[in-house]
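The numbering used here puts the first residue of the sequence shown at 142, with every later residue one more than the last.
Ideal Cβ positions, reconstructed from N, Cα and C, are used throughout, including at glycine.
Please read the structure below before turning to the comments.
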Amino acid sequence: MIEQAKISKDKQRVGLLYIDLDNFKQVNDQYGHEMGDKLLLKFSEQLWSEIRPSDQVLKPQEESIARLAGDEFVVLLPDIKDTINAGKVASRILDIFDGGFEVEGITHLTYASIGIAVFPDDAKEPSELLHFADTAMYDAKQNGRNCFRFFTQEIADTIKQRQKIEYGLRASLENDQLSLVFMPIFDCDNDDIVAVEALLRCNAPELEKIGPDQFIPVAESTGLIKDIDLWVIDAALQRLVTLQQQHNFTGKMCINISGVELNNEHFPSQVKGLLEIYAVAPCSVELEVTETALVAGNKACLDTLHALREVGVSLALDDFGTGYTAFSQLIHYPAHCLKIDRSFISDLFSGNDPRSKMVLIIQNLAELYGLRVIAEGVETEEQLNYLKRHGCDWAQGYFLSRPMAWDDLLKRLAM
Ligand code: C2E
Ligand code: MG
Ligand code: MG
């Protein structure tokens, strides 16, 4: 198609829109493929009418639209005077989905993510142009969907970085280059170490200086996270057994799991299996899942949490306060613990009064629902004393201890 437009010969400016529908899979899953086909057909008709010649901006040709695969379409805009015109067309295409997309009386919550690359500004080769438009579309998906993005070098660099991380993660899983560090968690009443949080590190050369904040999202979007989570649970349980048997440790091992697992129906039985292999009492393990992973009313997610509770492990809502858990929803989550997000602790005594009040709000909420509270990111004595005064149960943070290697943890526990 692009060859037909002879872009390189005509030396004109050509815009390429790469469109990928959002939530299309749900239509197929919920209403069947026939409904999906009808939706695609109706969309392609509307797409065509959006780029008709009546629009003075464009001189559309027969070959201006193509369906690449599944729910992916491309639109070629030959001879655009300005790149902004490509943005205007993308905006009109997004408008097609305004208020939902109706097919045979059913309104589907389907939208589009669109990437735009322009010849010759971004690329001179057709295949490169297509690739860059696809790259920009991917960025639109990452930025909340239902939007369009122009290709930029920054986007290309981000994607390259993600690929590097993905490569490093795969190599780490294969070559045993993952490791854990351990962050002690302290009882606010007596300063005893009551738990240890396992934190993942990746030692592949590609991931030097790249922490879990950066590599976990890549692991999640590439599906590697399931293997990684199981690796972490396995390694953490192995360490817990040593702590219990050789160092008289009676506290909990806190293990972070990805929100992805909440939609993995096999996860609870995998956890159970690992607990049995290591003969670890489930009550000595706490699984932390970030609050933002919880989707109100999502049955699969609730089922998984309940199944984990059945297994006997305790559950903590990590980074609490950053998500959107309506208080009325909280009663539905079978959680045992709220971990107040680090950002709220650092706002204590910062002069940011409204935000610093969140600590008290979460504390009171936890008391009402009978949940334990852990404050994370305690960096000063002043913060710790405040938390102690207001009844916080457990605390962790650089003021108390940094995450440490295994040998250092053993020394610390022996103190
Ligand atoms: P998280 O579970 O909220 O872990 C706390 C993070 O905050 C850790 O960073 C820890 O080093 C850091 N932190 C704790 N106290 C302080 C403090 O006082 N000051 C500052 N500046 N930082 C503090 P880390 O290890 O980089 O982990 C970041 C996030 O990555 C974790 O947040 C968790 O969401 C995720 N993560 C870490 N390990 C794993 C894992 O094994 N599996 C999964 N799925 N996610 C993990
Ligand atoms: Mg955590
Ligand atoms: Mg946290």
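Residue environment, residue i, which counts as buried when at least 16 other CB atoms sit within 10 Å
i: N316; result: exposed
i: L182; result: exposed
i: S232; result: exposed
i: L509; result: exposed
i: Y527; result: buried
i: F356; result: buried
i: V155; result: buried
i: L157; result: buried
i: C424; result: exposed
i: I225; result: exposed
i: N284; result: exposed
i: D223; result: exposed
i: A253; result: buried
i: F468; result: exposed
i: T445; result: buried
i: R543; result: exposed
i: G364; result: exposed
i: K301; result: exposed
i: G256; result: buried
i: D494; result: exposed
i: F490; result: exposed
i: Q524; result: buried
Residue i Cβ short of 7 Å to ligand 2 heavy atom set
i: E338; result: yes
i: D459; result: yes
i: E520; result: no
i: E429; result: yes
Proximity test, residue i beta-carbon vs ligand 1 heavy atom, cut-off 7 Å
i: T433; result: no
i: N94; result: What the structure shows of the chain is the stretch from 142 to 556, and residue 94 is not part of that stretch, so it cannot be assessed.
i: Q537; result: yes
i: I357; result: yes
i: G352; result: yes
i: E517; result: yes
i: R483; result: yes
i: L341; result: yes
i: M324; result: yes
i: P544; result: yes
i: D370; result: yes
i: V514; result: no
i: V373; result: yes
Closest Cα partner of residue i within the set the options
i: Q171; options: K552, P495, I247; result: I247
i: L371; options: I192, L415, N404, V155; result: L415
i: G228; options: H272, I192, F242; result: I192
i: E245; options: S205, N284, G177, Q302; result: G177
i: G309; options: D333, F289, E347, I300; result: E347
i: A476; options: V430, T521, S320, S497; result: V430
i: Y251; options: A277, I160, C442; result: A small correction: the amino acid at residue 251 is Thr; Tyr does not occupy that position in the sequence shown. Ranking A277, I160, C442 by Cα distance to T251 puts I160 first.
i: E361; options: R303, R496, F540; result: R303
i: D220; options: I486, L479, P261; result: P261
i: L550; options: N169, D280, A339, V259; result: A339
i: I374; options: A281, D354, S410, F390; result: S410
i: Y474; options: R530, P495, D263, G511; result: G511
i: T185; options: L209, G173, N389; result: The question names Thr, but residue 185 is Ser in the sequence shown. For S185, the nearest C-alpha among the options comes from L209.
Nearest-angstrom beta carbon gap, residue j and residue i [assumed within contact, 8 Å]
i: V335; j: F327; result: 7 Å
i: C395; j: A536; result: Not really, about 13 Å apart at Cβ, beyond 8 Å.
i: E432; j: L458; result: 5 Å
i: V382; j: V421; result: 6 Å
i: G518; j: I472; result: About 27 Å separates the two Cβ atoms, so there is no contact after all.
i: K434; j: G400; result: Reading off the sequence, residue 434 comes out as Ala, not Lys. Going by Cβ atoms, the distance from A434 to G400 rounds to 2 Å, so yes, they are a contact pair.
i: L188; j: V216; result: 7 Å
Between the CA atoms of residue j and residue i - distance to the nearest angstrom
i: D298; j: I306; result: 12 Å
i: L554; j: K440; result: 41 Å
i: G532; j: I237; result: 53 Å
i: L403; j: Q153; result: 50 Å
i: C557; j: L235; result: Within the shown structure, residues of the chain are numbered from 142 to 556, placing residue 557 beyond reach of any answer.
i: N405; j: H447; result: 13 Å
i: E266; j: M499; result: 53 Å
i: T276; j: F214; result: 14 Å
i: D239; j: G453; result: 46 Å
i: F408; j: P358; result: 19 Å
i: L541; j: D534; result: 14 Å
i: M556; j: D333; result: 11 Å
i: K529; j: L506; result: 16 Å
i: N344; j: Q294; result: 28 Å
i: F273; j: R342; result: 32 Å
i: D163; j: A376; result: 37 Å
i: D280; j: R290; result: 7 Å
i: K413; j: D488; result: 39 Å
i: D263; j: F292; result: 7 Å
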